[in-house]
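So the sequence shown is numbered by this note's numbering: it starts at 76 and just counts up by one.
Every residue, glycine too, gets a C-beta built ideally from N, C-alpha and C.
The structure displayed is predicted, hence computed values, not measured ones.
Below is one structure; the comments refer to it alone.
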Amino acid sequence: MRKKAAIPAVLALSFAIGGLVPTIPTIAGPTSFVHAEGLSKQDVVKSFLHSKVQDYSKSFATGEQFKIVSEQTDSTTGTYHVRTVEQYKGIPIYGSGQTVALDANNNVFASFGTVTQKLSRSIIPTEAALSEEDAVNIAKEGVASQIGIDELKRYDGIDSELTIYPHEGKYYLTYLVKVSTSTPAPGYFHYFVDATNGEVVNNFNAMHEVDPTKLSPVMARGLDVFGNMQSFPVGKDLSTGTSYLYGGSIAGGTTTSPNIVPLATFDARRMPETPFILLSGLLGFTGFEVETKSSTNFFYDPAAVSAHINADKVNKYYQTVHKRNSLDGKGMPLISTVHIGSKWNNAAWNGKQMLYGDGDGLTLGSLSGGLDVAGHEMTHGVISNTANLTYQDESGAINESLADIFGALAEMNAAGATSPSEWEMGEDIYTPTREGDGGLRSLSDPSSKRLNPIYGLKNNVYPSIYQDRYLGTEDKGGVHINSSINNKAAYLVSEGGTHNGVTVTKLGRLTTEKIYYRALTMYLTPSSGFKDMRNAAIQAARDLYPDNKTTGAPSTQTKAVIAAYDAVGVPAE
């Protein structure tokens, strides 16, 4: 008998954009003016942030404004890093977030994010008149309406929380309900339901996405979407002879105690006679098992084979290069679902898993075949578990850019250190009937890729300098369009060159990936834009490659990062 397949909930902090009342940016500085003696690290962080509040003496009327949500010590530099969110009377404020770094003497040497002012003067309701269940039902009705059906029968997952939502100059007490779907349409829907009256304040689609005790590990084979034979471990039910596309990505640990991240790949189009439970911590249906009864464990679905092996390769990149244990840093299972929609020309991370379309065969081939595409979508999962960059406007463009950057880096890592650098996105699956026409986007030469004239951009191409960025409302404020600006900066850091009259020294991709990973995981916040990205990258470079102790001059690496952002026109202030 087959068993039901489901996945554990993978929750990410949901604080994504800055408050709408006047804010003061916190700027990276050499040391803190907070006297650290006798204070704990947590006290130093909160004292520093409270010092940024203009009416600090009155802020206690709202309770503690800042809450530490994560902290880590960097043994390499001896520094301590925290992420905070803001709250009003104990309720988190959506979009708020700061990162603060302390040196070995507990002095603040860097901080990023904005601090909300005048919370103590705000009157915000904190008592919900609506039940959480009613809010979820309101969101479910809204999602079904958006998809174009009367009622959605199945969800990949539903998460909800009470939060204060700044919107159009006002604060609302809302339930944030996040709904993940794969069929009949993929989505990661966010609904802000007013907890006092049940009205929907705002909504948007933010899609960008085990207990195998009864299975025995066996080796399997299958052709990927390019016709290459692949070998990979799967799980087999010896009593039925059925093998399932479940396995493990082994990276890190020791020979006797290896680190294993669970892998599972599903099909969105068909449902087995009886579902099969592959994962523990069950919450949310992900699709239908990919299985075979072949005595040689041969899998006949190339899209599923490609998704499975690419998830393994990207995980190994993050584990071996960045010492990151899966997307959340805690070993979360890596779930992929293929065959989304009918000839769907897209791939996505829906907050819980990777989703891949088959493409129409002309514009795009099967998207699961692109290793950099898998790296892009999985990096969205890393982002949601670290900086949680809001998927709108500049922060959304940084989100998309980092997904492109690490997608490209993961692909280059898999190709080997001696392979040439390759900075195209999706070149393996783009226009499969035409050879050598590059990818969907170019990180090395963004303007080589054309855009629809409807956007009104200079020469109708992707921008490569900040001054040419898209300022309209389409594409969620240009999250894909403007990603090319930061992509170009990262390319210059890695490969060097002259752009916009500025020459950048080549650092190589190994140095580049260290700098950008540190910037993402240590310094960026939900509302970070291009200037924050510049400052975070510079600070990360300065951490890894310190200034000269005698002269105070920046290192070669820090100078290169500064030059790269000068080259793409992102100002320091």
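Please check if any C-beta of chain B sits within less than 8 Å of the C-beta of residue i.
{"i": "Pro-259", "result": "The question asks about chain B, but that chain is absent: this structure has only one protein chain."}
What does the Cβ neighbour count give for residue i, buried or exposed, with the cut at 16 atoms within 10 Å?
{"i": "Lys-589", "result": "buried"}
{"i": "Phe-267", "result": "buried"}
{"i": "Arg-609", "result": "buried"}
{"i": "Val-144", "result": "exposed"}
{"i": "Arg-525", "result": "exposed"}
{"i": "Tyr-375", "result": "exposed"}
{"i": "Ile-224", "result": "exposed"}
{"i": "Phe-279", "result": "exposed"}
{"i": "Pro-105", "result": "The pLDDT assigned to Pro-105 is 34, lower than 50, so where the model puts this residue is not dependable; a value taken from the coordinates is nonetheless given after this. By the neighbour-count rule (16 or more Cβ atoms within 10 Å), Pro-105 is not buried but exposed."}
{"i": "Asp-512", "result": "exposed"}
{"i": "Gln-632", "result": "buried"}
{"i": "Met-597", "result": "buried"}
{"i": "Asp-435", "result": "exposed"}
{"i": "Met-294", "result": "exposed"}
{"i": "Glu-502", "result": "buried"}
{"i": "Gln-140", "result": "buried"}
Is residue i helix, strand or coil by DSSP?
{"i": "His-555", "result": "coil"}
{"i": "Gln-428", "result": "coil"}
{"i": "Met-304", "result": "strand"}
{"i": "Gly-217", "result": "helix"}
{"i": "Ala-270", "result": "coil"}
{"i": "Gly-532", "result": "The identity of residue 532 in the sequence shown is Leu, whereas the question assumes Gly. Coil at Leu-532, not helix or strand."}
{"i": "Leu-439", "result": "strand"}
{"i": "Asp-520", "result": "coil"}
{"i": "Lys-253", "result": "strand"}
{"i": "Ala-423", "result": "strand"}
{"i": "Gln-173", "result": "strand"}
{"i": "Ala-81", "result": "Because the pLDDT at Ala-81 is just 29, under 50, the model does not fix this residue reliably, and the point stays unresolved."}
{"i": "Gly-323", "result": "strand"}
{"i": "Ile-224", "result": "coil"}
{"i": "Val-128", "result": "coil"}
{"i": "Ile-590", "result": "helix"}
{"i": "Ala-339", "result": "strand"}
{"i": "Tyr-246", "result": "strand"}
{"i": "Tyr-505", "result": "strand"}
{"i": "Val-365", "result": "coil"}
{"i": "Thr-493", "result": "coil"}
{"i": "Ala-628", "result": "coil"}
{"i": "Glu-510", "result": "coil"}
{"i": "Asp-118", "result": "helix"}
{"i": "Ser-206", "result": "coil"}
{"i": "Thr-596", "result": "helix"}
Between which two residues does the beta strand (DSSP E) holding residue i run?
{"i": "Met-407", "result": "Unbroken run through Met-407: none, as it is neither H nor E."}
{"i": "Met-294", "result": "291-298"}
{"i": "Val-579", "result": "577-579"}
{"i": "Ser-235", "result": "232-242"}
{"i": "Thr-191", "result": "189-191"}
{"i": "Gly-482", "result": "No beta strand (DSSP E) holds Gly-482; the alpha helix (DSSP H) holding it covers 468-490."}
{"i": "Val-160", "result": "154-163"}
{"i": "Val-389", "result": "Segment 377-397 is the alpha helix (DSSP H) holding Val-389; no beta strand (DSSP E) there."}
{"i": "Gln-147", "result": "141-149"}
{"i": "Thr-573", "result": "572-574"}
{"i": "Val-276", "result": "275-280"}
Going by the beta-carbon positions, is the gap between residue i and residue j smaller than 8 Å?
{"i": "Arg-158", "j": "Gly-170", "result": "no"}
{"i": "Ile-213", "j": "Pro-259", "result": "no"}
{"i": "Leu-595", "j": "Phe-187", "result": "no"}
{"i": "Thr-508", "j": "Leu-437", "result": "yes"}
{"i": "Leu-205", "j": "Val-119", "result": "no"}
{"i": "Ser-411", "j": "Pro-601", "result": "no"}
{"i": "Leu-237", "j": "Ala-270", "result": "yes"}
{"i": "Asp-234", "j": "Thr-256", "result": "no"}
{"i": "Val-300", "j": "Ala-378", "result": "yes"}
{"i": "Asn-421", "j": "Leu-442", "result": "yes"}
{"i": "Thr-461", "j": "Ala-478", "result": "no"}
Go to residue i, then tell me how far its alpha helix (DSSP H) extends in each direction, as first and last residue.
{"i": "Glu-648", "result": "Note, Glu-648: premise wrong, no alpha helix (DSSP H); not H, not E."}
{"i": "Thr-454", "result": "446-459"}
{"i": "Gln-614", "result": "605-619"}
{"i": "Val-636", "result": "631-642"}
Taking 8 Å as the cut-off, does the stretch 197-204 touch the stretch 610-627 (at least 3 CB pairs, one atom from each stretch)? Counting C-beta pairs closer than 8 Å gives fewer than three between the stretch 610-627 and the stretch 197-204, which falls short of the contact rule.
Segment contact flag, the stretch 599-608 with the stretch 570-589, C-beta cutoff 8 Å, min 3 pairs: Pairwise C-beta distances place the stretch 599-608 out of contact with the stretch 570-589, as fewer than three of them are shorter than 8 Å.
Could you tell me whether the stretch 428-448 touches the stretch 369-389, where touching means 3 or more Cβ pairs closer than 8 Å? Touching, per the Cβ criterion.
Quick check: the stretch 556-572 against the stretch 512-531, are at least 3 beta-carbon pairs closer than 8 Å? Output reads yes: the stretch 556-572 touches the stretch 512-531.
Touch check for the stretch 390-398 and the stretch 470-488: three-plus C-beta pairs under 8 Å? Yes, since at least three Cβ pairs between the stretch 390-398 and the stretch 470-488 fall closer than 8 Å, the two stretches touch.
Flag this pair as touching only if the stretch 469-478 and the stretch 546-554 have three or more C-beta atom pairs under 8 Å; answer yes or no. Enough Cβ pairs lie closer than 8 Å, so yes.
Do the stretch 363-371 and the stretch 312-322 touch if we need at least three Cβ pairs shorter than 8 Å? Segments in contact, yes.
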